[in-house]
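The next block holds one structure in the form of structure tokens; read it before the comments.
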Amino acid sequence: MKEYQDDERFEALIIGGSVAKGCARPESDIDFMMVATDEEFKNRQKVGDFFINRTDLTDYPGGFVDGKVIDMHYLRQVVDRGNEPTRAAFDRAIIAFSKVDDLASIIHSIQQYPEADRDQKIRKFYSMTFIQNWLMGEAERHGNIYTKSRAASQLVLFAGRLILAYNRVFFPYHKWFYEYLSRCNAKPKNLIKEMNQVLNQPTVENASRLFENVRGFRNWNVTDIEAFHWFMEDVEWSWRDNKPSLEDW
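Reminder that position 223 of the sequence shown reads as 208 in this note's numbering, one-by-one numbering, no gaps.
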């Protein structure tokens, strides 16, 4: 990215996305983050100009670069309280150039799985998996196709997030969800196959098969009644404490 290296408005360029993660296809775009100076970032904030999309910086048919403008304050916030999809954006990130002395150590800190939250996440993700399996039964009993579809996608999501957390692997958001699950060494047999069965045919039978496979993988130390209590307090009553949605963790 020589185009920006001598530009005084920017302090660093970080390459992420499929290129950094080793998942790129021949036609993939190049994702990157431009670290702007404080002055440049404030100027862009005023007009809402945070994106760089160009086709003139690649040499393959249909190629383009897709960049986001951030600043050092943002990176330090990610270290302090960034959620998993945000941290995953820096997984295997490549620093193309940097005028910031400690940028490499900051990126390294972002890439570390936050141990302090792990046990809590595991309990919450297991509880949500339990609830969605139960909800599938309710949806089928009432013949509610919307709720069946919703329960299926949520069951798959949180069963997967449970296994990711157990393996200390970030949830990379939905596009790379299965890719990151495939990297987990410790997971129930036929996990992704059973997840697909639930999505393709959202039935009680398929949902129960997936849930029991996950439940039997290990002792998650959450009883059924504890899962119901958690759902009431942390989901149904989340508005009382302004808690973020579990999907945003």
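Positions of the beta carbon are idealized from the N, C-alpha and C atoms, including for glycine.
Worksheet item: If we ignore side chains and look at the alpha-carbon of each, how far apart do LEU147 and LEU60 end up?
Response: Along the sequence shown, one-based indexing puts residue 147 at 162. Along the sequence shown, one-based indexing puts residue 60 at 75. Cα to Cα, LEU147 sits roughly 26 Å from LEU60.
Worksheet item: What is the DSSP secondary structure of ARG39, reduced to helix, strand or coil?
Response: Looking up residue 39 in the sequence shown gives position 54. Correct three-state label for ARG39: strand.
Fill in: Whole-angstrom distance between PHE110 and THR22, CA atom to CA atom
Here residue 22 refers to the residue found at position 37 when the sequence shown is read from its first residue. Here residue 110 refers to the residue found at position 125 when the sequence shown is read from its first residue. In a straight line, the C-alpha of THR22 is about 39 Å away from that of PHE110.
Item to complete: Would you list the residues sitting across from PHE17 in a DSSP beta bridge?
Response: Reading the sequence shown from its first residue, position 32 is the one you call residue 17. Beta-bridge analysis with DSSP links PHE17 to ILE0, GLY52.
Fill in: Local conformation of ALA81 per DSSP, three classes
Here residue 81 corresponds to residue number 96 of the sequence shown, with the count starting at 1. In the three-state scheme derived from DSSP, where H, G and I count as helix and E and B as strand, ALA81 is classed as strand.
Worksheet item: Rounded C-beta distance between ALA144 and VAL189? I'm assuming under 8 Å.
Response: On the sequence shown, residue 144 is found 159 positions in, with the first residue counted as 1. On the sequence shown, residue 189 is found 204 positions in, with the first residue counted as 1. With 8 Å as the limit, ALA144 and VAL189 do not qualify as a contact, their Cβ atoms being about 15 Å apart.
Fill in: Every unbroken alpha helix (DSSP H) within the segment 125 to 213, with a cutoff of 4 residues, ordered by chain
Secondary structure in the segment 125 to 213: the alpha helix (DSSP H) runs of 4 residues or longer, each lying completely within the stretch, are 130 to 151, 162 to 167, 176 to 185, 189 to 200 in chain order.
Worksheet item: Quick one, which of ASP226, TRP234, ALA(-3), THR208 has its alpha-carbon nearest ASP87's?
Response: Against the sequence shown, residue 87 aligns to sequence position 102. Comparing C-alpha distances from ASP87 to each of ASP226, TRP234, ALA(-3), THR208 shows the shortest one belongs to ALA(-3).
Discussion item. Between VAL85, LEU149, ILE80, which has its C-alpha nearest LEU166's C-alpha?
Written reply: Here the question's residue 166 lines up with position 181 in the sequence shown. Selection VAL85, LEU149, ILE80 evaluated against LEU166 yields LEU149 as nearest (Cα-Cα).
Worksheet item: For PHE(-5), which residues does DSSP report across the bridge?
Response: Translated into the one-based positions of the sequence shown, residue -5 becomes position 10. Answer by DSSP bridge pairing, in chain order: ALA21.
Worksheet item: What separation, rounded to the nearest whole angstrom, lies between the Cα atoms of ILE116 and LYS31?
Response: Here residue 116 refers to the residue found at position 131 of the sequence shown. Here residue 31 refers to the residue found at position 46 of the sequence shown. Cα to Cα, ILE116 sits roughly 44 Å from LYS31.
Worksheet item: Terminal residues of the continuous alpha helix (DSSP H) containing VAL64?
Response: As a first step, residue 64 is located in the sequence shown; it is residue number 79 there, counting from the start. That run of the alpha helix (DSSP H) goes 57 to 66.
Practice prompt. May I ask you to report which of helix, strand or coil DSSP gives GLY264?
Written response: In the structure as shown, the chain starts at -14 and stops at 234, and residue 264 therefore has no counterpart that could be examined.
Worksheet item: How far does the alpha helix (DSSP H) with SER94 in it reach, from first residue to last?
Response: Residue numbering aside, residue 94 sits at position 109 when the sequence shown is read from its first letter. Per DSSP, the unbroken alpha helix (DSSP H) holding SER94 starts and ends at 88 to 95.
Fill in: Beta-carbon spacing of ASN175, LEU140 below 7 Å
Taking the first residue of the sequence shown as 1, we reach residue 175 at position 190. Taking the first residue of the sequence shown as 1, we reach residue 140 at position 155. Result no, Cβ atoms of ASN175 and LEU140 do not sit closer than 7 Å.
Item to complete: Buried or exposed for ARG203, please, with buried defined as at least 16 other CB atoms from any protein chain shown within 10 angstroms of its CB.
Response: Position 218 of the sequence shown holds residue 203. With a 10 Å radius around the Cβ and a threshold of 16 neighbouring Cβ atoms, ARG203 comes out exposed.
Worksheet item: VAL54: which of ARG225, VAL85, PHE(-5) sits nearest, CA to CA?
Response: Numbered from its first residue, the sequence shown carries residue 54 at position 69. Considering only alpha carbons, the answer is PHE(-5).
Worksheet item: Can you name, in chain order, every residue of its own chain whose Cβ lies under 6 Å from the Cβ of MET121, other than the five neighbours on each side?
Response: Here residue 121 refers to the residue found at position 136 when the sequence shown is read from its first residue. ALA136, VAL189, ALA192, listed in sequence order.
Discussion item. Tell me the rounded alpha-carbon separation between ALA89 and ILE80.
Written reply: Stepping through the sequence shown from its first residue, residue 89 is reached at position 104. Stepping through the sequence shown from its first residue, residue 80 is reached at position 95. Distance between the alpha carbons of ALA89 and ILE80 is about 8 Å.
Item to complete: Between the Cα of GLN182 and those of SER138, GLY2, ASP102, spot the shortest distance and give me the residue it belongs to.
Response: Within the sequence shown, numbered from 1, the residue matching residue 182 stands at position 197. Of SER138, GLY2, ASP102, the residue nearest in Cα terms is SER138.
Worksheet item: Between TRP234 and the rest of its own chain, which residues show a CB-CB distance below 7 Å, the 5 nearest in sequence each way excluded?
Response: The residue you call residue 234 lines up with position 249 of the sequence shown. Answer for TRP234: ASN68, GLU69, LYS106, listed in chain order.
Practice prompt. Report, in whole angstroms, the separation of the C-beta atoms of ASN1 and ASP16, which I expect to be a contact under 8 Å.
Written response: Along the sequence shown, one-based indexing puts residue 1 at 16. Along the sequence shown, one-based indexing puts residue 16 at 31. Residue identity differs from the one stated: residue 1 is Gly in this sequence, not Asn. Contact flag correct, Cβ pair sits at about 5 Å.
Worksheet item: Do you know how far the Cα of ALA78 is from the Cα of VAL4?
Response: Counted from its first residue, the sequence shown places residue 4 at position 19. Counted from its first residue, the sequence shown places residue 78 at position 93. When rounded, the distance between both Cα atoms is 9 Å.
Practice prompt. Leaving out five residues on either side along the sequence, give the residues of the same chain with a beta carbon under 8 Å from the beta carbon of GLY201.
Written response: Residue mapping note: residue 201 aligns to position 216 of the sequence shown, counting from 1. The residues are PRO173.
Item to complete: Rounded to whole angstroms, what's the CA-CA distance from ILE210 to PRO99? Just pull it up for me.
Response: Your numbering for residue 210 matches position 225 in the sequence shown. Your numbering for residue 99 matches position 114 in the sequence shown. Cα to Cα, the separation comes out at about 28 Å.
Worksheet item: Can you name, in chain order, every residue of its own chain whose Cβ lies under 6 Å from the Cβ of PHE82, other than the five neighbours on each side?
Response: Mapped onto the sequence shown, residue 82 falls at position 97. Once the five neighbours on either side are set aside, the close Cβ partners of PHE82 are GLN(-10), LEU(-2).
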